[in-house]
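Chemist: In the order they appear, the protein sequences are chains A and B.
Under my numbering, think of the first position of the first sequence as 344, with each following residue one higher.
Under my numbering, think of the first position of the second sequence as 423, with each following residue one higher.
Glycine included, every Cβ here is placed at the ideal spot set by N, Cα and C.
Quick one: this structure, given as structure tokens, is what I'll be asking you about.
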Amino acid sequence: MKDTKNGSAEWEKKFSKTCETSGVTNPSGREIKPLYGPADIESLDYGRDLGFPGEYPFTRGVYTTMHRGRLWTMRQFSGFGTARDSNQRYHFLLDRGQTGLSVAFDMPTIMGYDSDHVRSHGEVGMCGVAIDSLKDMEILFDEIPLDKVSTSMTINAPAAMLLAFYICVGEKQGVSSDKVRGTIQNDILKEYIAQKSWIFPPEPSMRIITDILAFCSDHVPKWNTISISGYHIREAGSTAAQELAFTLADGFTYVEAGIKAGLDVDKFAPRLSFFFNSHLDFFEEIAKYRAARRIWAKRMKEKYGARKEESLLVRFHTQTAGCTLTAQQPENNIIRTAYQAMSGVLGGTQSLHTNSMDETLALPSEKAVQIALRTQQLLAYETGVANTIDPLAGSYYIEHLTDKLEEEAEAYFEKIDDLGGVVKAIDLGFFQKEIADAAYRYQREIEKKTKIVVGVNDFVIDDEEIDIDILRIDYRVEREQTEALKKLRSERDNGAASTALDALRSAAGGTENLMPRILDCSRAYCTLGEMIDVLRDVFGEYKEPIVY
Amino acid sequence: MERKIRVLVAKPGLDGHDRGAKVVASALRDAGMEVVYTGLHQTPEMVVEAAIQEDVDVVGLSILSGAHAVLFPKIVDLLKERGAGDKLVIAGGIIPEDDVEELKKVGIANVFGPGTTTTEITEYVKKEIASRSK
Chain A
344 MKDTKNGSAE
354 WEKKFSKTCE
364 TSGVTNPSGR
374 EIKPLYGPAD
384 IESLDYGRDL
394 GFPGEYPFTR
404 GVYTTMHRGR
414 LWTMRQFSGF
424 GTARDSNQRY
434 HFLLDRGQTG
444 LSVAFDMPTI
454 MGYDSDHVRS
464 HGEVGMCGVA
474 IDSLKDMEIL
484 FDEIPLDKVS
494 TSMTINAPAA
504 MLLAFYICVG
514 EKQGVSSDKV
524 RGTIQNDILK
534 EYIAQKSWIF
544 PPEPSMRIIT
554 DILAFCSDHV
564 PKWNTISISG
574 YHIREAGSTA
584 AQELAFTLAD
594 GFTYVEAGIK
604 AGLDVDKFAP
614 RLSFFFNSHL
624 DFFEEIAKYR
634 AARRIWAKRM
644 KEKYGARKEE
654 SLLVRFHTQT
664 AGCTLTAQQP
674 ENNIIRTAYQ
684 AMSGVLGGTQ
694 SLHTNSMDET
704 LALPSEKAVQ
714 IALRTQQLLA
724 YETGVANTID
734 PLAGSYYIEH
744 LTDKLEEEAE
754 AYFEKIDDLG
764 GVVKAIDLGF
774 FQKEIADAAY
784 RYQREIEKKT
794 KIVVGVNDFV
804 IDDEEIDIDI
814 LRIDYRVERE
824 QTEALKKLRS
834 ERDNGAASTA
844 LDALRSAAGG
854 TENLMPRILD
864 CSRAYCTLGE
874 MIDVLRDVFG
884 EYKEPIVY
Chain B
423 MERKIRVLVA
433 KPGLDGHDRG
443 AKVVASALRD
453 AGMEVVYTGL
463 HQTPEMVVEA
473 AIQEDVDVVG
483 LSILSGAHAV
493 LFPKIVDLLK
503 ERGAGDKLVI
513 AGGIIPEDDV
523 EELKKVGIAN
533 VFGPGTTTTE
543 ITEYVKKEIA
553 SRSK
């Protein structure tokens, strides 16, 4: 038998006669070799590093049966205009075979302003649905039974209020809080790092989060309390290793905060879930998901003393990379999205959103979102990629990349510890600078054409006419929301509303759990803006360190 | 010595997408301009105040939430009100073609959409400012 090492040297010699062996990098800036072999995974130990699906360290998947037992949830992030407009879109998506809901809120809702606030002018219903009170939420889920469907809500600073609205809608439908299923994003650390939709400073924000963890473990046991998100970190320009490391570092920070607040790690950790990006480099992305599972399981067990298996699992949602879509030749985005979605599936995702081709131009049209959903259905039912669990395991390249990403993440954890932890590193602008630098490097590569973006810096069509219909939101939405708010404020029991707000204020000033107070405010039809204003008074507002 | 071109890169509105604004700010800086970045969540009044305080030649606005149709014209109006209507105002973001025409009518000199290179922006700014100082 031929010695593999010498064989490799021989091959390399032949290869380098006509071809450069180095100089090829991926979008993360990682140098990629033309060939990987046994020498690249010499230290790999199957039992220790991989294990079987559903077995520690869960590298191959968090469940024994994975997609053979249950396909991923097809969950298109969606919301625009009024609650009525979005309710119609949800019914459309459910009719087309979508299996879970995912709510996109407009910027005023995300930032805790009512639709009639001066800062909301021009933004109402634009990039998501406008929700001002429980009234809007009742309309949003009209004829959608909350005991049948699970709902993910992309909401962070005001996550407690939107969760409260959802629980109240359930109450009205006769579905108790222990039966509702879903997710709030509720990941404020990545807001400071990347998505930048913050309201309060880190300390009170972390307190709200631990209140939610405690409340849900007693009253909303099927709810995913934090969706620890790398998606936005990546969209802001990070590399794959940075996405992996910063996301998991945020996750560990929540775990430490929960433990510090006196909670049993095995009581809240099983309800933590994750949200990753699925970017351009097919293999690196798959390795990233595998590394995430392994790192999280090891740390949760070894460092945080979790004993329950559910506490060790990286259950995650994936979204294809919005930042890779192009305004030029938008139909090409269908293909980009399909490849990215496939890496999410091969990486063992539990839930998936596929972007629509028109999202660099506007919110998706019905036609575009249907194609995006069909992309997932094609993957699930035609390509056969869901038939075998973790099919790329054992590949020299994939296992090498998985190890590499783990190593790089560990190096970042050390660096973050040296800086004094995640919150301190945010204050110092560490993550923000790392991400801005990576984004700028990538942009320069595109401009130097060392990275090709099809339709943008190569394969360009001169004087291209873009010929797809786009969705337009008009100012009717802002008018309607403003009128509805006026009506709400004149019809509700204002005495009860202000009593509830006073109780929230005094709870915020003390240490009692805020969730019951927020639920009382919701039931009294206090608006989101009213609740946030009370907390802004008590907690103050965050100011960002400016770095680029 | 020739005065460097001074640019304010601003994020009016509520959206937190600052990747584009920061990339453009870095590129303008690397092209030899003095760049001031406002940070996020600015009101039109805050942007105009900063533009005047910093005595900039150029105001670059970025919005990705759809609020451009309201906020950009407001900024242009406020600049005029405060006697600073001569500044070059340019913009970028997720801005549909129909809106671009409207924005140009109200005084946004140019709108740079997705896929624009930073070189196009820096060259444009240099050329415009040079033609103005003639």
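Please list the terminal residues of the continuous beta strand (DSSP E) segment that includes S616 of chain A.
Modeler: Looking up residue 616 of chain A in the first sequence gives position 273. Note, S616 of chain A: beta strand (DSSP E), L615 to S621.
Chemist: Shorter than 9 Å from the beta carbon of L462 of chain B to some beta carbon of chain A?
Modeler: Along the second sequence, read from residue 1 onward, the residue named residue 462 of chain B stands at position 40. True, the Cβ-Cβ gap to chain A drops below 9 Å.
Chemist: Can you check whether the CB of A447 of chain B is closer than 9 Å to the CB of S473 of chain B?
Modeler: Along the second sequence, one-based indexing puts residue 473 of chain B at 51. Along the second sequence, one-based indexing puts residue 447 of chain B at 25. The sequence shown places Ala at residue 473 of chain B, rather than the Ser named in the question. With respect to A447 of chain B, A473 of chain B sits apart: the two C-beta atoms are not nearer than 9 Å.
Chemist: Which ranges does the beta strand (DSSP E) cover as unbroken runs of at least 3 residues, wholly within the segment 418 to 487 of chain A, from first to last along the chain?
Modeler: 444 to 446
Chemist: Provide the residue(s) that pair with D801 of chain A in DSSP beta bridges, ordered along the chain.
Modeler: Position 458 of the first sequence, counting from 1, holds the residue named residue 801 of chain A. Its beta-bridge partners are A:V797.
Chemist: Identify the continuous beta strand (DSSP E) that holds A382 of chain A and give its terminal residues.
Modeler: The residue you call residue 382 of chain A lines up with position 39 of the first sequence. Counting along the chain, A382 of chain A falls outside any beta strand (DSSP E), and DSSP gives it neither H nor E.
Chemist: Could you tell me which residues DSSP pairs with A449 of chain B in its beta bridges?
Modeler: Numbered from its first residue, the second sequence carries residue 449 of chain B at position 27. According to DSSP, A449 of chain B bridges with nothing at all.
Chemist: Report buried or exposed for C362 of chain A, applying the criterion of at least 16 other Cβ atoms within 10 angstroms of its Cβ.
Modeler: What you label residue 362 of chain A is simply residue 19 of the first sequence in a count that begins at 1. By the neighbour-count rule (16 or more Cβ atoms within 10 Å), C362 of chain A is not buried but exposed.
Chemist: So, does the CB of Y724 of chain A fall closer than 9 Å to a CB anywhere in chain B?
Modeler: Along the first sequence, one-based indexing puts residue 724 of chain A at 381. No, because no Cβ of chain B sits closer than 9 Å to the Cβ of Y724 of chain A.
Chemist: Measure the C-alpha to C-alpha separation of Y459 of chain B and E653 of chain A and round it to an integer number of angstroms.
Modeler: Taking the first residue of the second sequence as 1, we reach residue 459 of chain B at position 37. Taking the first residue of the first sequence as 1, we reach residue 653 of chain A at position 310. Cα to Cα, the separation comes out at about 45 Å.
Chemist: Which residue's Cα is closest to the Cα of H575 of chain A: B:D440, B:V431 and B:P434?
Modeler: Within the first sequence, the letter at position 232 stands for residue 575 of chain A. With distances taken between Cα atoms, H575 of chain A lies closest to B:D440.
Chemist: Can you pull the DSSP bridge partners for N369 of chain A?
Modeler: Along the first sequence, one-based indexing puts residue 369 of chain A at 26. Looking at the DSSP assignment, N369 of chain A forms no beta bridge with any residue, so it has no partner.
Chemist: Am I right that M454 of chain A and S572 of chain A are in contact with their C-beta atoms under 8 Å? What's the rounded C-beta distance?
Modeler: As a first step, residue 454 of chain A is located in the first sequence; it is residue number 111 there, counting from the start. As a first step, residue 572 of chain A is located in the first sequence; it is residue number 229 there, counting from the start. Contact between M454 of chain A and S572 of chain A does not hold, since their C-beta atoms are separated by about 17 Å, which reaches or exceeds 8 Å.
Chemist: Please decide whether A449 of chain B counts as near chain A, where near means a Cβ-Cβ distance under 9 Å.
Modeler: Position 27 of the second sequence, counting from 1, holds the residue named residue 449 of chain B. With 9 Å as the cut-off, A449 of chain B counts as an interface residue toward chain A.
Chemist: Would you mind reading off the limits of the alpha helix (DSSP H) that contains A649 of chain A?
Modeler: By one-based count along the first sequence, residue 649 of chain A stands at place 306. Taken as a continuous stretch (DSSP letters only), A649 of chain A belongs to no alpha helix (DSSP H), as it is neither H nor E.
Chemist: So, for L500 of chain B: in the same chain, excluding its five sequence neighbours on each side, which residues have a beta-carbon less than 6 Å away from its beta-carbon?
Modeler: Locating residue 500 of chain B in the second sequence gives position 78, where the first residue counts as 1. So the qualifying residues of the chain are P466 and V470.
Chemist: Could you check which residue in A:T854, A:L844, A:L436 and A:G394 has the C-alpha nearest to that of C869 of chain A?
Modeler: In the first sequence, residue 869 of chain A corresponds to position 526, counting from 1. Ranking A:T854, A:L844, A:L436 and A:G394 by Cα distance to C869 of chain A puts A:L844 first.
Chemist: Less than 9 Å between CB atoms is the rule here; does S487 of chain B satisfy it with respect to chain A?
Modeler: As a first step, residue 487 of chain B must be located in the second sequence, where it is residue number 65. So yes, S487 of chain B belongs to the interface.
Chemist: I want to know whether the segment 444 to 452 of chain A touches the segment 387 to 401 of chain A - three or more CB-CB distances under 8 Å.
Modeler: no
Chemist: Verify the CB distance criterion: does I875 of chain A have a CB-CB separation below 9 Å to chain C?
Modeler: Judged by its chain identifiers, the structure shown contains no chain C, and its protein chains are A and B.
Chemist: For a contact defined as C-beta to C-beta under 7 Å, what are the partners of H464 of chain A on chain B?
Modeler: As a working note, residue 464 of chain A is residue 121 in the first sequence. Those are V492, listed as they occur along chain B.
Chemist: Hey, quick one: how far does the beta strand (DSSP E) through A513 of chain B stretch, first residue to last?
Modeler: Reading the second sequence from its first residue, position 91 is the one you call residue 513 of chain B. Unbroken beta strand (DSSP E) run through A513 of chain B: L510 to G515.
Chemist: Please report the residue range of the alpha helix (DSSP H) in which V463 of chain B lies.
Modeler: For the purposes of this step, residue 463 of chain B is taken as the residue at position 41 of the second sequence. Strictly speaking, residue 463 of chain B in this sequence is His, with Val absent from that position. No alpha helix (DSSP H) holds H463 of chain B; DSSP gives it neither H nor E.
Chemist: With A705 of chain A as the anchor, note down where its alpha helix (DSSP H) starts and where it stops.
Modeler: On the first sequence, residue 705 of chain A is found 362 positions in, with the first residue counted as 1. Where A705 of chain A is concerned, there is no enclosing alpha helix (DSSP H), given that its DSSP letter is neither H nor E.
Chemist: Does T960 of chain A come within less than 9 Å of chain B when only Cβ atoms are used?
Modeler: Outside the shown range of chain A (344 to 891) lies residue 960 of chain A, about which nothing can therefore be said.
Chemist: Does the Cβ-Cβ distance between S495 of chain A and Q538 of chain A come in under 9 Å?
Modeler: By 1-based counting over the first sequence, the position of residue 495 of chain A is 152. By 1-based counting over the first sequence, the position of residue 538 of chain A is 195. It is not a contact, given that the beta carbons lie outside the stated cut-off.
Chemist: Output the distance between the C-alpha atoms of G438 of chain B and H463 of chain B, rounded to the nearest integer angstrom.
Modeler: The residue labelled residue 438 of chain B in the question sits at position 16 within the second sequence. The residue labelled residue 463 of chain B in the question sits at position 41 within the second sequence. Approximately 7 Å between the Cα atoms of the pair.
Chemist: By the 10 Å Cβ neighbour count, where 16 or more other Cβ atoms means buried, how is W639 of chain A classified, buried or exposed?
Modeler: Residue 639 of chain A sits at position 296 when you count from the first residue of the first sequence. That one is buried.
Chemist: When you compare the CB of I427 of chain B with every CB in chain A, is at least one pair closer than 9 Å?
Modeler: In the second sequence, counting from the first residue as 1, residue 427 of chain B sits at position 5. No, I427 of chain B does not count as interfacial toward chain A.
Chemist: I'd like to know if A711 of chain A contacts chain B, where contact means its C-beta is closer than 9 Å to some C-beta of that chain.
Modeler: The residue you call residue 711 of chain A lines up with position 368 of the first sequence. Chain B, which has no Cβ nearer than 9 Å to the Cβ of A711 of chain A, makes this no.
Chemist: How would you list, in chain order, the residues of chain A whose beta-carbon sits under 8 Å from the beta-carbon of I516 of chain B?
Modeler: Position 94 of the second sequence, counted from the first residue, corresponds to residue 516 of chain B. Within 8 Å Cβ-Cβ: T703, L704 and A705.
Chemist: With DSSP as the reference, label A711 of chain A as helix, strand or coil.
Modeler: By 1-based counting over the first sequence, the position of residue 711 of chain A is 368. DSSP places A711 of chain A in helix when its eight states are reduced to three.
Chemist: Assuming A432 of chain B is part of the beta strand (DSSP E), what are its boundary residues?
Modeler: Within the second sequence, residue 432 of chain B is the residue found at index 10, counting from 1. Unbroken beta strand (DSSP E) run through A432 of chain B: R428 to A432.
Chemist: Taking all protein chains shown into account, decide if V467 of chain A is buried (16 or more other Cβ within 10 angstroms of its Cβ) or exposed.
Modeler: Stepping through the first sequence from its first residue, residue 467 of chain A is reached at position 124. Burial call: buried.
Chemist: Alpha carbon to alpha carbon, how far is S351 of chain A from M344 of chain A? Give it in angstroms, no decimals.
Modeler: As a working note, residue 344 of chain A is residue 1 in the first sequence. As a working note, residue 351 of chain A is residue 8 in the first sequence. Its pLDDT being 43, under 50, M344 of chain A is placed unreliably in this model, and the value from its coordinates should be taken loosely. Cα-Cα distance, rounded: 13 Å.
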